[in-house]
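Worksheet: one structure, shown below.
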Amino acid sequence: MDSKEAADFDCPICMQTLHRPIRTQCQHVFCQECNIQNFAMNDGKCPLCRNPTSGMEPPATDIETWMRTMKANCTGCDVEVYLIDMRAHTTTCAQYLREYGPDCNTSAIPLPTPASVRSTFTCPYCHQSGYAAGDLVLHCCTYHHGEYRHVVCPICASMPWGDPNYYSRNFIQHLRIRHQFQYQFFVPAPQVIEVDVDAGLDRDIFEINEGLNLEEGDIKIDKIIDRSSIMGDKYRWPKTIPYYLEDNLNVNAKGMILKAFEQYRLKSCIDFKPWTGIGYFMHFTANQVGERALLESRIYYPKRGFQCLQFYSYNSGSDELNIWVRVYDEANPNGTLTKVTAVKGTDLNYWQLHHISLTMSKKFRVVFEGVKGAGSSTAGISIDDVNLSEMHCPTHVWHIKNFAHLLDTSPPGLGGKIYSPRFYSREGYGFQIGLYVNGTSSRPSYLAIYFYLVSGPDDDKLQWPCPWKQCTMLLMDQHPDIRRRMNNQRSVTTDPEKVDQSSYFWDRPDKVGVLVTDTDGTKYYRGPGSGTSVFISHERLKSRQFIKGDDAYFLLTMEDVSHLVGPQPTPSVPTTTVTTVPAGTTTQPETSAPDLCADFKCENDGICTVSYGKPICRCLTGEDWWYSGKYCQTHSKQEDTAMIAAISSVVVFLVMLIITVASVYCLRQKYHKKMGKNDGHHGTNLTNQTPM
């Protein structure tokens, strides 16, 4: 793509490649962030035509689709990059940063004063003074556009964050990009460092895929080469479906797809049938110390090596609840009991959610055992909503009590924000969740949720910036049947290369974060947050069982996804090995199965596969054409088939016509011969009767 075409995708406000483009009512296209800033600072007027804007303009999906398919060269390193990835590339391109400088850290810029707005500057080329910022840009671009000397930008040098010793290699282009608009229009007020990855938009899968012409809303089908036609039940996909994660997916998207696979396995028969149950309820009460009772589940047949047992329990006394598994095998057909864990009574007068991780590979039952304790127990033990599934258990649970009361009393914005306790991953990374109960000031009808790294005791032993850890924040739908739940979740992945102006976004919290005080007086550092301001709407929050008994549960998991950074390995062609025994021995030579496709060549891009020990060719097919034959050597089209059918019909008709005509002719000849014989016999009789 040439520069003129690439410039068509530049934002008129920031003068950089469009990022999350939106289209205003006046049909002008801007970055979403630029439009929001312009709406707040420019009285809701379009900066180009001054027509009113709404501040919540719809995404320009057509522009974004073009940007996903078109490439342009980076003005710094001249590397060809997709336009959709250009903004991310320039933030890390060393040559681009040397020429144009880094983006300014607007969060560290103080609010402008009247004196700062009236500041004047001196041209670094001709040394004329008295120019305002906008006048200096106009002067240099008009009279010094051919200058290539390395000079210091006087505007940047006067800012609190500026470096007076930094020489710009392309000062004119620097002015056009960094100082196109006056300083006071685009300096936001100080705010909490939080990145809204959804940019305040609540879009479902149908809105995201709108205009992409996908099958059933989310399936992309190649209409030129169609290899997955459904022509009957025996041609449909099997229950185990392979998948491939393309390289153009970011790590967070890969992790989300795997999470979706887990949910799909849970709700359908694809890959495995989930182990869930509804109706298992147990209440245990006794008078004598040591009395016990058992509740056994049905037999489960595991297909994976891990399971998660989830249930609620209520135990305010001294009774004890033991969790056992009874494993069946050939040596022990009646089962062997193994104790997994015990849940002892507490002074908590509310239902508690439990997750027990199991690692069963043989068929088994889950056994609940209630044991009467020595102390007082007025209510006994109650168990409800027991579910067993082949999934990994969440590593942490954030239980929020009196959640409905918080919804009614919390104000929007920072005044209604609550934080979870500090949690620690298996590696030792500390993290915390921040929740705007009644949303942010701009989105008050939604729950907003953000993920933060916090300082911990093992920070000196950990790798920084935090590399490829995905935190999943899941608001649990508390429906008794896990198959009917519609949980709401959001994942955030720590990209170690993500930068926030001059520092890494996911660096050590004591390096990039702020010092905060916990409710118990403990001080710790909290890093910048990443999440969404439209996690779930209040309307949907109240429509299902996200709040049950005035309680809400957030299930949190922080896991390593570094294995998703590289491309997924593709199956390799099996190699053949031949092992022979030296001569002179009586042992028969051992020869492995040869590669049957090595000498079996398929033509016209056909693929050789082995079926029942014989090589066969899978031929290429299209919408109205295909290849056939043993080696895919014959090319056929739908028109040829129609022509062959027509010619065959004509030939059959002609053959039948010829046969009919021949049959009629033969019958006529036979009839005439028979009539001739009859006529000859009758004539002789007449002759004999004639008198002499």
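Note that UniProt numbering numbers the sequence shown so that position 616 is 616, with each residue one more than the last.
Built from N, CA and C at the ideal position, the CB exists for glycine as well.
Sheet register partners of Q432 (DSSP bridge): In the DSSP output, where bridge partners are listed per residue, Q432 has Y452.
Proximal residues to K339 (C-beta, below 8 Å), its chain only, five neighbours per side dropped: Its chain contains N322, I323 and W324 as the residues whose beta carbon lies nearer than 8 Å to that of K339, once the 5 sequence neighbours on both sides are disregarded; these appear in chain order.
Nearest residue (CA-CA) to S382, options L258, Y312, V197 and N73: Taking only the C-alpha atoms, the option nearest S382 is Y312.
Contacting residues, own chain, Cβ-Cβ under 8 Å from F272 (five flanking each side not counted): Note that F272 scores 39 on pLDDT, short of 50, meaning its location in the model is unreliable; the coordinates nonetheless yield the value given after this. Apart from sequence neighbours up to five positions away, the residues of its chain that approach F272 with a beta-carbon distance below 8 Å are R265, K303, R304 and E390, ordered along the chain.
Closest residue to Y452 among T494, E427, C393 and V79 (Cα-Cα distance): With distances taken between Cα atoms, Y452 lies closest to T494.
Nearest to H139 (by Cα), restricted to the options L358, S158, H179 and R169: Considering only L358, S158, H179 and R169, the residue with the shortest C-alpha distance to H139 is H179.
Of the listed residues A94, R485, P421 and E559, nearest to T517 (C-alpha basis): Nearest C-alpha to T517: P421.
Close Cβ partners of Q669 (< 6 Å) along its chain, the five nearest in sequence each way excluded: Cβ neighbours of Q669 beyond the five flanking positions: none.
Proximal residues to S636 (C-beta, below 8 Å), its chain only, five neighbours per side dropped: The residues are W625, W626, Y627 and S628.
Residues near D2 by beta carbon distance below 8 Å, same chain, minus five either side: Confidence at D2 is low in this model, with a pLDDT of 45, below 50, so the placement of that residue is unreliable and no value is reported for it.
Residue burial classification, A189 (beta-carbon count within 10 angstroms, cutoff 16): Residue placement at A189 is poorly supported in this model, since its pLDDT is 42, which falls under 50; the coordinates still yield a value, given next. Residue burial annotation: A189 is exposed, with fewer than 16 other C-beta atoms found within 10 angstroms of its C-beta.
Reference I63, options G162, V81, L212 and P154, closest by Cα: The closest CA to that of I63, considering only G162, V81, L212 and P154, is found on L212.
Which residues DSSP lists as bridging S628, in chain order: The partner list for S628 (beta bridge, DSSP) reads T634.
T519 versus G434, Y419 and L556, residue with shortest Cα-Cα distance: Taking only the C-alpha atoms, the option nearest T519 is Y419.
DSSP bridge partner residues for K259 (one or two, in chain order): Answer is none; K259 lacks a bridge partner.
Pairwise C-alpha distance: E99 and H174: Answer to the nearest angstrom: the Cα atoms are 8 Å apart.
Residue(s) in a DSSP beta bridge with P59: Answer is I22.
Own chain, CB closer than 7 Å to R23, minus 5 neighbours either side, in chain order: Taken in chain order, the residues that qualify are V29, E57, P58 and A60.
Buried or exposed (CB count within 10 angstroms, at least 16 for buried), residue 721: The chain is shown from 1 up to 692; residue 721 falls before or after that span and cannot be answered.
Inter-residue CB distance, G255 and S611 (contact presumed, cutoff 8 Å): Not confirmed; about 37 Å, so no contact.
Run of the beta strand (DSSP E) containing F546, from where it starts to where it stops: No residue range can be given for F546, since it is assigned to no beta strand (DSSP E) and is classified by DSSP as neither H nor E.
Ranges of the beta strand (DSSP E) found wholly within the region 349–422, counting only runs of at least 3: You should have 352–358, 364–371, 381–389, 396–401 and 417–419.
For H538 and Q16, the rounded distance between their alpha carbons: Each residue's alpha carbon lies about 36 Å from the other.
Bounding residues of the beta strand (DSSP E) (the contiguous stretch that carries R508): Looking at the DSSP string, R508 is not in any beta strand (DSSP E), and its letter there is neither H nor E.
Environment of V371 [buried if 16+ CB atoms lie within 10 Å]: With 16 or more other Cβ atoms within 10 Å, it is buried.
Buried or exposed (CB count within 10 angstroms, at least 16 for buried), D507: Its Cβ being crowded by 16 or more others within 10 Å, D507 is buried.
Rounded straight-line distance, which links the Cα of T621 to that of K630: Distance between the alpha carbons of K630 and T621: 15 Å.
Closest by C-alpha distance to Q352, when choosing among G430, V397, N332 and K363: Answer by Cα proximity: V397.
Between the CA atoms of C31 and R443 - distance to the nearest angstrom: Approximately 19 Å between the Cα atoms of the pair.
Per-residue DSSP class, three states only, for Q478: Three-state result, Q478: coil.
Whole-Å CB distance - Y450 paired with S503, under 8 Å assumed: With 8 Å as the limit, Y450 and S503 do not qualify as a contact, their Cβ atoms being about 18 Å apart.
Cβ neighbours of S229 in the same chain (closer than 7 Å, five flanking residues each side left out): With a pLDDT of 40 at S229, under the threshold of 50, the modelled position of this residue cannot be trusted, and the question is left open.
Backbone secondary structure at A598 - three-state DSSP: Three-state result, A598: coil.
Simplified DSSP assignment, three categories, for L97: L97: helix per DSSP, three-state reduction.
Helix, strand or coil at T17 according to DSSP, with G and I counted as helix: Strand.
Counted within 10 angstroms of its Cβ, other Cβ atoms place S54 as buried (16 or more) or exposed: In summary, S54 is exposed, with fewer than 16 beta-carbon neighbours lying within 10 Å of its beta-carbon over all protein chains present.
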